[in-house]
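S.K.:
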Amino acid sequence: RWLRQHECVEKLNMHAILSASAGEEQLLTELLVTYAKIPVLIGELISVEIWKHKVFPVLCRLEDFKPRSTFPIYVVLHHEASIINLLETVFFYKEVCESAEDSILDLIDYCHRKLTLLAAQSANGQTVTQAELRPEDLASPSLFVPPQELQKQAETMEFEISLKALSVLRYITDQVESLPLSALTRMLNTHNLPCLLVELVEHCPWSCREAGKLKKFENGAWHVVPPEDQVKMTKLDGQVWLALLNLLLSPECQRKYHFDGFNKGQLLKLRAFLTDVLIDQLPNLVEMQRFLSHLAVTEPAPPKKDLVLEQVPVIWDHILKKNTGKWEAIAKHQVKRIFSPTEEELQLQARRWAQTYSLDMMEALAPDKPRCRVCGAEAAKRCSRCRNEWYCARACQVQHWQKHKTACDLMA
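Position 239 (the sequence shown) corresponds to 239 in UniProt numbering; numbering is contiguous.
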């Protein structure tokens with residue numbers, strides 16, 4: 001049942017990306033709002049996040065866990081990425097944000113957890129490198145991918161998921177005027193998101209230097225930035241600045257935020273980054289510059305305390321309370337019932353995965369042309385049986401056949 005749900009989410013995600021690229025995503029967003037699916041997606045997102053933190057590490061420690069294929073585990077790890085990517089695509093619309101209702105608090109907490117991890121890793125000098133596991137490698141019944149490789153892949157996914165969470169948070173801040181009062185309080189006071197965003201501006205986790213060259217993470221990969229583009233603002237830089245604009249310049253936010261000595265000192269760090277080159281790329285930052293100049297010479301009044309009953313998020317706490325002390329039992333149950341399929345079940349799952357990850361759809365999503373599996377050259381030929389591998393010439397296909405045969409038989 002869960003695999004069917006994952007297939008639906010994956011198809012929705014791919015459809016949303018293609019629709020957005022064609023400017024036709026309005027129908028999908030209307031359906032998600034009409035059928036109240038946004039709270040369902042947020043609940044599923046947090047459930048998988050907890051599974052990754054509580055159950056997945058136990059699975060990796062089990063000595064007798066040697067499944068014939070590790071692709072089912074990879075699918076669960078990838079489920080969180082699919083949902084956050086779908087939410088990033090549709091949360092641009094005000095009606096989608098409003099349809100989240102009370103679960104918007106859970107989503108704000110989720111984004112805060114991801115961005116805190118991102119800022120902490122960057123402050124400690126940790127840079128996530130790409131660790132690529134191919135579906136063919138994971139699905140092959142003859143190959144067992146060590147838990148360490150899966151954990152490395154999970155870390156890479158976690159980095160990309162955190163960047164998606166940043167975009168979702170920015171879209172939420174776009175709607176500060178229509179958010180529940182508790183959501184604003186949670187962003188400004190409970191989590192102090194303005195100071196967290198300052199940390200991201202300061203440490204810029206999606207940028208690093210390697211062998212004397214500046215690299216930036218864009219479109220799912222690290223790229224070397226040529227000298228002439230090093231001062232160019234990336235999409236991720238823009239998301240952070242827009243979120244700060246929304247949270248600091250809104251009158252309602254200014255009324256509720258506590259500009260004490262620490263918060264004021266952190267925010268004033270932004271002045272060093274507000275160069276003329278940056279403001280030329282995002283002219284709205286002129287207003288931020290004025291606000292910070294005024295903040296530097298004034299003492300804002302303390303926030304007005306409203307007597308209200310504050311809502312709190314419930315999804316995370318509910319799942320933890322329900323399953324505390326049961327994580328090892330859950331892991332062992334899943335090993336036995338889910339992650340150790342028979343040969344017949346594995347073949348059935350492989351066919352369903354092949355249908356879900358439609359190659360024509362994947363090619364439409366891919367920014368680059370397909371590459372030869374053997375030599376990496378631009379490829380024009382594809383395996384006619386499984387249609388899963390690309391080759392530049394028949395010689396490369398013949399050379400790769402012994403490695404590819406098992407997976408080809410499984411997928412065909």
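From the three backbone atoms N, C-alpha and C, an ideal C-beta is built for every residue, glycine too.
Taking C-beta to C-beta, are residue 413 and residue 348 nearer than 8 Å?
M.R.: Outside the shown range of the chain, which is 1 to 412, sits residue 413, and nothing can be said about it.
S.K.: By how many angstroms is the C-alpha of residue 28 removed from the C-alpha of residue 212?
M.R.: Looking at the two C-alpha atoms, the distance is approximately 45 Å.
S.K.: Mind listing, in chain order, the continuous alpha helix (DSSP H) runs of no fewer than 4 residues lying wholly within the stretch 30-76?
M.R.: Those alpha helix (DSSP H) runs which fall completely within the stretch 30-76 and span 4+ residues are 38-54, 56-61.
S.K.: Is residue 223 closer than 8 Å to residue 232 when the C-beta atoms are compared?
M.R.: No.
S.K.: Between residue 408 and residue 392, how many whole angstroms is the CB-CB distance? I'm expecting something under 8 Å.
M.R.: In fact, because the Cβ distance is near 18 Å, the residues do not count as touching under 8 Å.
S.K.: Where does residue 386 sit, in a helix, a strand or coil, going by DSSP?
M.R.: If DSSP states are grouped into helix, strand and coil, residue 386 belongs with coil.
S.K.: Taking just the CA atoms, how far does residue 62 sit from residue 172?
M.R.: Distance between the alpha carbons of residue 172 and residue 62: 40 Å.
S.K.: How would you label residue 132, buried or exposed, when you count the other beta carbons within 10 angstroms and need 16 or more for buried?
M.R.: No answer about residue 132 holds up, because its pLDDT of 45 lies below 50 and its placement is not dependable.
S.K.: Would you be able to state if there are at least three C-beta pairs under 8 Å between the stretch 115-124 and the stretch 322-332?
M.R.: No, the stretch 322-332 does not touch the stretch 115-124.
S.K.: Report the residue ranges of all alpha helix (DSSP H) runs contained in full by the stretch 330-360; include only those spanning at least 4 residues, in chain order.
M.R.: Segments of the alpha helix (DSSP H) lying fully in the stretch 330-360: 343-356.
S.K.: Taking 7 Å as the limit between beta carbons, can you name the residues of its chain near residue 278, skipping five residues before and five after?
M.R.: Excluding sequence neighbours, residue 278 sits near 233, 285.
S.K.: Taking all protein chains shown into account, decide if residue 164 is buried (16 or more other Cβ within 10 angstroms of its Cβ) or exposed.
M.R.: With 16 or more other Cβ atoms within 10 Å, it is buried.
S.K.: Whose C-beta lies closer than 7 Å to the C-beta of residue 186 among residues of the same chain, with five residues either side of it excluded?
M.R.: The answer, listed in chain order, is 105, 108.
S.K.: From residue 293 to residue 177, what distance separates their C-alpha atoms?
M.R.: Going from the Cα of residue 293 to the Cα of residue 177 covers about 25 Å.
S.K.: On a CA-only basis, which of 352, 379, 58, 53 is nearest residue 80? Give me that one, please.
M.R.: Ranking 352, 379, 58, 53 by Cα distance to residue 80 puts 53 first.
S.K.: Could you work out which residue in 77, 198, 208, 221 is closest to residue 264 when comparing CA atoms only?
M.R.: Nearest of 77, 198, 208, 221 to residue 264, Cα basis: 198.
S.K.: Return helix, strand or coil for residue 4, following the three-state DSSP convention.
M.R.: Helix at residue 4.
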